[in-house]
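Q:
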Amino acid sequence: MSHPDFLWRNPDPEPAYDVVIAGGGGHGLATAYYLARNHGITNVAVLEKGWLAGGNMARNTTIIRSNYLWDESAALYEHSLELWEGLSEELDYDLRFSQRGVLNLAHSLSDVREGRRRVNANRLNGVDAEWLDAEEVKKFCPVINVSDRARHPVMGATLQRRGGIAKHDHVAWALARKADAYGIDLIQGCEVTGFEITKNRVTAVQTSRGRIAAGKVALAAAGHTSVLAERAGVRLPLQSHPLQALVSELLEPVLDCVVMSNAVHVYVSQAHKGELVMGAGIDAYTSYGQRGGVHVIEAQMAAALELFPIFSRVRVLRTWAGIVDVSPDASPVIGPTPVEGLYVNAGWGTGGFKATPGSGWVYAHTLAHDRPHPLAEPFGLERFTTGALIDEHGAAAVAH
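Quick note on full-length UniProt numbering: the sequence shown kicks off at 1 and runs consecutively.
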């Protein structure tokens, strides 16, 4: 049933589709959109057990950047950033994409060495990157405390000027509207409960709304992807953790860039409306609960107040958590699984939002052509067997 005031239809599932995407978040919607836009594949269903973009897409801190260390990661995230730069126009929707610059602070000599190394690696890969000393950091972001008497003194920072933030809800709505316009069915309240597999080939998905036959099945369910894969007999090398974030009351504009600190596990930006958006480190235990431990938030707040004494009287409005899926090398897993016709796009850890268009682009290509997109090729499952890992623990760290 459709309505002229709605951005997309709310259809009942058809008996069969060429491609069924499990997960209606940013990556699932982007994959559906690019399947239609780039490959002309429109007999597609996106199945979401809750409501569209109600998982990590609604719970992230919206940071966008591409300054990753290794060539493979930098290429994928830079492709995504280049797509971001034209996405509002392409989707005909204001995504509030703001390239306000992303600072990664260094608090020790090892941080400085790592930061400088990353700047050089980024430049070699054509990714914009600068190194700032403490005075330059203060000039770029005046509210940061750069005193050498601080517990975590700021010794410098990397800066990616093209990095920034976007409004996550707008991104989801824009992708959903375009996918729907191509005739793709976005089916909410439809949980994937199992798979029909014949001679090692997936032929259908079982859902809370009945059986749906599928030519190909694409998993894109973030922290629950490993749960779905297990139902198909595939064990993925992923762990799911809560990742907490919080917002403050509304403030006048005080912070016009994104500030990240891997060493003290905090990252901060000010949203368009005026609230401070802060992210913490992941809770150490594995969980599928969308909440975390208070001690993690407490440590995050202590670090934030050291960096920004100006925030000492700001009130926190609410806290929450998403469920992030972390791989052994802190890099995503994109490509086919041992079950024919079953594909996976997961393991983005805490860095899924920034990859939304790039991930959808390469995943759609992989599904359309039955082989990985060149940018996705290094991120296949086989790397955990061959040992060709893409270790992004440094560049990903807490804020991935």
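All residues carry an ideal CB built from backbone N, CA and C; glycine is no exception. Bear in mind the structure is a predicted one, so any value in this text is a computation, not a measurement.
Measuring CB to CB, does P328 end up less than 8 Å from F379?
A: In this structure, P328 lies away from F379, with their beta-carbon atoms at least 8 Å apart.
Q: So, at 8 Å on beta carbons, what are the nonlocal neighbours of H27 in its own chain, with the 5 sequence-adjacent residues on each side left out?
A: A220, A222, N345, W348, G352, A355, T356, S359, G360 and Y363
Q: Quick one: what's T193 bridged to in DSSP?
A: For T193, which the question treats as bridged, DSSP gives no partner whatsoever.
Q: From this set, T366, S312 and Y288, which residue's C-alpha is nearest N56's C-alpha?
A: Y288
Q: Just the C-alpha distance for L236 and L389, rounded to the nearest angstrom, thanks.
A: 15 Å
Q: Quick check on the burial criterion: 16 or more other C-beta atoms within 10 angstroms. Buried or exposed for P372?
A: buried
Q: Excluding sequence positions up to five away, which residues of its chain have a Cβ less than 8 Å from the Cβ of E275?
A: V247, S248, E249, L250, L251 and L317
Q: Residues in the same chain with beta-carbon distance under 7 Å from S88, minus the five sequence neighbours each way, listed in chain order, please.
A: The residues are D94, L95 and F97.
Q: Ignoring anything shorter than 3 residues, give me the beta strand (DSSP E) runs that lie fully in the region 60 to 120, in order along the chain.
A: 102 to 106
Q: Alpha carbon to alpha carbon, what distance is there between E114 and N104?
A: 11 Å
Q: Per the contact definition of three or more C-beta pairs closer than 8 Å, is the region 301 to 316 in contact with the region 192 to 204?
A: Below 8 Å, too few C-beta pairs join the region 192 to 204 and the region 301 to 316 to call them touching: fewer than three.
Q: Use the C-beta contact count for E382: other C-beta atoms within 10 angstroms, 16 or more gives buried, fewer gives exposed.
A: exposed
Q: Tell me whether the region 178 to 197 and the region 27 to 43 touch, counting them as touching only if at least three CB pairs, one residue from each stretch, are closer than 8 Å.
A: yes
Q: Skipping 5 residues on each side, what residues in its chain have a beta carbon closer than 7 Å to that of D71?
A: N125
Q: Note down, one range per segment and in chain order, each alpha helix (DSSP H) of at least 4 residues found wholly within the UniProt domain "Rhodanese" (19 to 63).
A: If only complete runs of 4 or more residues are kept, the UniProt domain "Rhodanese" (19 to 63) shows the alpha helix (DSSP H) at 26 to 39, in order along the chain.
Q: According to DSSP, is N145 helix, strand or coil?
A: Here N145 sits in coil by DSSP.
Q: Give me the Cα-Cα distance between D148 and D133, rounded to the nearest whole angstrom.
A: 13 Å
Q: Mapping DSSP to helix, strand and coil, what is N200?
A: Residue state, collapsed to three classes: coil.
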